[in-house]
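What follows is a set of notes on a single structure, which appears directly below.
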Amino acid sequence: MEKHNIVKIEFPSLPSNVSFARVAAAAFAAQLDFTLNDLEEIKVAVSEAVTNAIVHGYANNSGGTICLFAEIRKDNLIIVVEDRGRGIENIEKALQPTSSTDPERMGLGFSFMQSFSDTLRVESSPGAGTRVTMTRNCGKKSTPPASH
Amino acid sequence: MEKHNIVKIEFPSLPSNVSFARVAAAAFAAQLDFTLNDLEEIKVAVSEAVTNAIVHGYANNSGGTICLFAEIRKDNLIIVVEDRGRGIENIEKALQPTSSTDPERMGLGFSFMQSFSDTLRVESSPGAGTRVTMTRNCGKKSTPPASH
Amino acid sequence: MELQLEVKGATLLARIRGEIDLAVADSLRSALDKELNGNDEIRHIVVNMGGVNYIDSSGLGVLLGRYRRVSKGGGEMFIVGAPPNVRKIIEMSGLLRIIPEFANEAEALIRAV
Amino acid sequence: MELQLEVKGATLLARIRGEIDLAVADSLRSALDKELNGNDEIRHIVVNMGGVNYIDSSGLGVLLGRYRRVSKGGGEMFIVGAPPNVRKIIEMSGLLRIIPEFANEAEALIRAV
Ligand SMILES: Nc1ncnc2c1ncn2[C@@H]1O[C@H](COP(=O)(O)OP(=O)(O)O)[C@@H](O)[C@H]1O
Ligand SMILES: Nc1ncnc2c1ncn2[C@@H]1O[C@H](COP(=O)(O)OP(=O)(O)O)[C@@H](O)[C@H]1O
Numbered sequence: 001m002e003k004h005n006i007v008k009i010e011f012p013s014l015p016s017n018v019s020f021a022r023v024a025a026a027a028f029a030a031q032l033d034f035t036l037n038d039l040e041e042i043k044v045a046v047s048e049a050v051t052n053a054i055v056h057g058y059a060n061n062s063g064g065t066i067c068l069f070a071e072i073r074k075d076n077l078i079i080v081v082e083d084r085g086r087g088i089e090n091i092e093k094a095l096q097p098t099s100s101t102d103p104e105r106m107g108l109g110f111s112f113m114q115s116f117s118d119t120l121r122v123e124s125s126p127g128a129g130t131r132v133t134m135t136r137n138c139g140k141k142s143t144p145p146a147s148h
Numbered sequence: 149m150e151k152h153n154i155v156k157i158e159f160p161s162l163p164s165n166v167s168f169a170r171v172a173a174a175a176f177a178a179q180l181d182f183t184l185n186d187l188e189e190i191k192v193a194v195s196e197a198v199t200n201a202i203v204h205g206y207a208n209n210s211g212g213t214i215c216l217f218a219e220i221r222k223d224n225l226i227i228v229v230e231d232r233g234r235g236i237e238n239i240e241k242a243l244q245p246t247s248s249t250d251p252e253r254m255g256l257g258f259s260f261m262q263s264f265s266d267t268l269r270v271e272s273s274p275g276a277g278t279r280v281t282m283t284r285n286c287g288k289k290s291t292p293p294a295s296h
Numbered sequence: 297m298e299l300q301l302e303v304k305g306a307t308l309l310a311r312i313r314g315e316i317d318l319a320v321a322d323s324l325r326s327a328l329d330k331e332l333n334g335n336d337e338i339r340h341i342v343v344n345m346g347g348v349n350y351i352d353s354s355g356l357g358v359l360l361g362r363y364r365r366v367s368k369g370g371g372e373m374f375i376v377g378a379p380p381n382v383r384k385i386i387e388m389s390g391l392l393r394i395i396p397e398f399a400n401e402a403e404a405l406i407r408a409v
Numbered sequence: 410m411e412l413q414l415e416v417k418g419a420t421l422l423a424r425i426r427g428e429i430d431l432a433v434a435d436s437l438r439s440a441l442d443k444e445l446n447g448n449d450e451i452r453h454i455v456v457n458m459g460g461v462n463y464i465d466s467s468g469l470g471v472l473l474g475r476y477r478r479v480s481k482g483g484g485e486m487f488i489v490g491a492p493p494n495v496r497k498i499i500e501m502s503g504l505l506r507i508i509p510e511f512a513n514e515a516e517a518l519i520r521a522v
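Protein chains in written order, with my numbering: chain A, 1 to 148; chain D, 149 to 296; chain R, 297 to 409; chain L, 410 to 522.
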């Protein structure tokens, strides 16, 4: 298997593209030896980042563009989700669990991204946009597989 | 479901990306009411185009870039696969079934693309690259589902 | 996503299949609320998630919103049959601490009275 | 892709699982050729495709190449158990007209003598 690979995916801020983005990212991540459980987690992390770009970044306006970069470096997966939307005023506050600016949301997006990555970095400037970078090593032991 | 959507995917000419490209394209196409059989055929068509870009366009060199555009317009799927590789001297000849410039290949790539699309367009200039455009309407009756 | 709704006495039984993400959250929310709005007898909700293969925070938000709604009216909400990967997400969100789960519809329906 | 090889008399039995595309075509080709090169007794090939869920022209090329090889030595090649979507691709390529298929390994192995 190749040790370096990077794909760039660009798509409009449509809710139907959340599913497209997570499947595409997982299909790419599958080039590393991730377990099915890992890939399910990666899908959730990517969905949360893309959902935020649509819901918060572009305020549910379908005219925005979202960029997803997925990169494999040795046995590391790097996922970057970028929007050129309204940005985040207070990143520290936004990262706190259950902190949502939307009453119909739980404020768990960043929590899931954090739980399902080794590192999470959020860069944002109000009015300019947001970039979320997640990395995950495929050797790393993940959250134990779901069980009843 | 949205009636217009377009995604752009850029990736290096690595054999492992053939699988990534077909899964991503099928995940996107699934936004239309294609059957599972249709999606399987779309996967093959995309794989053939991407394989050609890698094998012929870039002569198996991993340094090339391939662009895949997938677009939904009403109930039409449009797939464009582009490389900036060596191009095709004689497009008409290349399109003939079992015409391959590679003895280990069957010359069936374009045949499958043709069978699994409503329209196939090939644009190419030697030294500059190749662009393959396939369209498929999701109302259209497809090849009958495979059966024993 | 597919949704099947059935009213059994004071309980709304919602059977959901497929993926619950941003693309379907609004329509799932409206379909449930429409049923709750249209029938004053309904006090409880049982959500059968046996056919759900994906959920993320957009789906959890719908569950939490409906939980809050029935709780206000003194009713209860239960989850049934979530597959392991879906159950894990619900559990991580903390929702399982307020929305009890049951192995099958019958058990949940007996509790919802 | 996973490949399991077994030699039964004059027949190489290859059980393939997974997806056969450009990414695995080279390694599949070399693995089969290595076995053919290393054992002069082998005259026939039976390919069990029961576990194959995807094939495209890169995979068909490998099949055709191995068919040509055993044909030259007077041997035969057979396909076993290709699932419907995989079988359709093989059929469209015309390969089924030269590489007969059988429902199971036993029947193919009886023919390959
Ligand atoms: N891409 C983004 N653009 C603008 N604001 C964002 C973005 N992502 C997150 N935020 C802000 O951070 C907050 C917390 O995000 P998150 O943890 O995902 O919770 P939720 O999406 O449920 O609100 C959001 O409510 C929003 O205010
Ligand atoms: N992207 C491309 N760049 C350069 N040449 C190409 C490209 N696609 C196809 N060709 C040429 O067209 C021929 C026929 O292609 P195809 O029908 O896919 O058969 P095969 O890939 O099996 O050779 C190839 O052998 C090659 O010479």
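Beta carbons: idealized from backbone N, C-alpha and C, even for Gly.
Quiz item: Applying a beta-carbon distance threshold of less than 7 Å, which residues of chain L neighbour Gly257 (chain D)?
Solution: Ser466
Exercise. Output yes if chain D places a C-beta closer than 8 Å to the C-beta of Ser502 (chain L); else output no.
Key: yes
Quiz item: Which residue or residues does DSSP assign as beta-bridge partners of Tyr463 (chain L)?
Solution: L:Glu428
Self-check item: Backbone CA spacing between Met1 (chain A) and Gln31 (chain A) [nearest angstrom]
Solution: Low per-residue confidence applies at Met1 (chain A): pLDDT is 47, beneath 50, and the placement is therefore not dependable, though the value from the model is reported in the following sentence. Rounded to whole angstroms, Met1 (chain A) to Gln31 (chain A) spans 7 Å at the Cα level.
Quiz prompt | Classification of Val80 (chain A) by the beta-carbon crowding that lies within 10 angstroms, buried from 16 upward | solution = buried
Quiz item: Which residues in chain D sit within 7 Å of His428 (chain L), going by Cβ to Cβ distance?
Solution: The amino acid occupying residue 428 (chain L) in the given sequence is Glu; His does not appear at that position. What Glu428 (chain L) touches in chain D: Ser167.
Exercise. Starting from the C-beta of Met458 (chain L), find all residues in its chain whose C-beta is less than 7 Å away, skip the five residues before and the five after it, and write them out in chain order.
Key: Ile425, Ile488, Val489, Gly490, Ala491, Val495
Exercise. Find the residues of chain A that neighbour Lys156 (chain D), judging by a C-beta separation of less than 9 Å, and give them in chain order.
Key: Lys8, Ile9, Glu10, Phe11
Quiz item: Is the stretch 172-188 of chain D in contact with the stretch 122-132 of chain A, if contact means three or more CB pairs nearer than 8 Å?
Solution: no
Quiz item: ligand 2 heavy atoms versus the CB of His152 (chain D): any closer than 7 Å?
Solution: no
Quiz item: What are the boundary residues of the beta strand (DSSP E) that Asp83 (chain A) is part of?
Solution: 76-83
Practice problem: Anything in the stretch 428-458 of chain L with a Cβ closer than 9 Å to a Cβ of chain D? List those residues in chain order, please. | Solution: Glu428, Asp430, Leu431, Ala432, Val433, Ala434, Asp435, Arg438
Exercise. Report the neighbours of Thr199 (chain D) on chain L: residues whose CB is nearer than 8 Å to its CB, in chain order.
Key: Asp430, Leu431, Asp465, Ser466, Ser467
Quiz item: For the putative contact between Thr213 (chain D) and Val166 (chain D), defined by C-beta atoms under 8 Å, what is the C-beta separation to the nearest angstrom?
Solution: About 15 Å; that fails the 8 Å criterion.
Quiz item: Taking 7 Å as the line, does the beta carbon of Met106 (chain A) fall inside it for any heavy atom of ligand 1?
Solution: yes
Quiz item: Rounded C-beta distance between Arg22 (chain A) and Val55 (chain A)? I'm assuming under 8 Å.
Solution: Actually they do not touch by this definition, with Cβ atoms about 15 Å apart.
Quiz item: Using a beta-carbon distance below 8 Å, is Gly361 (chain R) in contact with chain A?
Solution: yes
Quiz item: Are there 16 or more other CB atoms within 10 angstroms of the CB of Gly447 (chain L), so buried, or fewer, so exposed?
Solution: exposed
Practice problem: Check whether the Cβ of Glu150 (chain D) lies closer than 8 Å to any Cβ atom in chain A. | Solution: At Glu150 (chain D), the pLDDT of 46 sits below 50, so the modelled position is not reliable and the matter cannot be decided from this model.
Quiz item: Taking Cβ positions, are Leu299 (chain R) and Leu332 (chain R) nearer each other than 8 Å?
Solution: no
Self-check item: alpha helix (DSSP H) segment containing Leu405 (chain R), residue limits
Solution: 401-407
Quiz item: Alpha carbon to alpha carbon, how far is His296 (chain D) from Ile6 (chain A)?
Solution: Interpretation of His296 (chain D) is limited by its pLDDT of 47, a score under 50 that renders its predicted location unreliable; the figure taken from the coordinates is listed afterwards. Computed Cα separation, rounded: 40 Å.
Quiz item: Is it the case that the Cβ atoms of Glu403 (chain R) and Leu309 (chain R) are separated by a distance below 8 Å?
Solution: no
Self-check item: Cutoff 8 Å: Ala207 (chain D) Cβ touching any chain B Cβ
Solution: Among the protein chains of the structure shown, namely A, D, R and L, there is no chain B.
Quiz item: Anyone know if the C-beta pair for Ile386 (chain R) and Ile351 (chain R) falls short of 8 Å?
Solution: yes
Quiz item: Buried or exposed: which applies to Leu162 (chain D), given that a residue is buried once 16 or more other Cβ atoms fall within 10 Å of its Cβ?
Solution: buried
Quiz item: To the nearest whole angstrom, what separates the beta carbons of Gly255 (chain D) and Thr246 (chain D), a pair I think is in contact under 8 Å?
Solution: 4 Å
Practice problem: Evaluate Val303 (chain R) with the Cβ neighbour count: other Cβ atoms within 10 Å of its Cβ, from every protein chain shown; 16 or more gives buried, anything less gives exposed. | Solution: exposed
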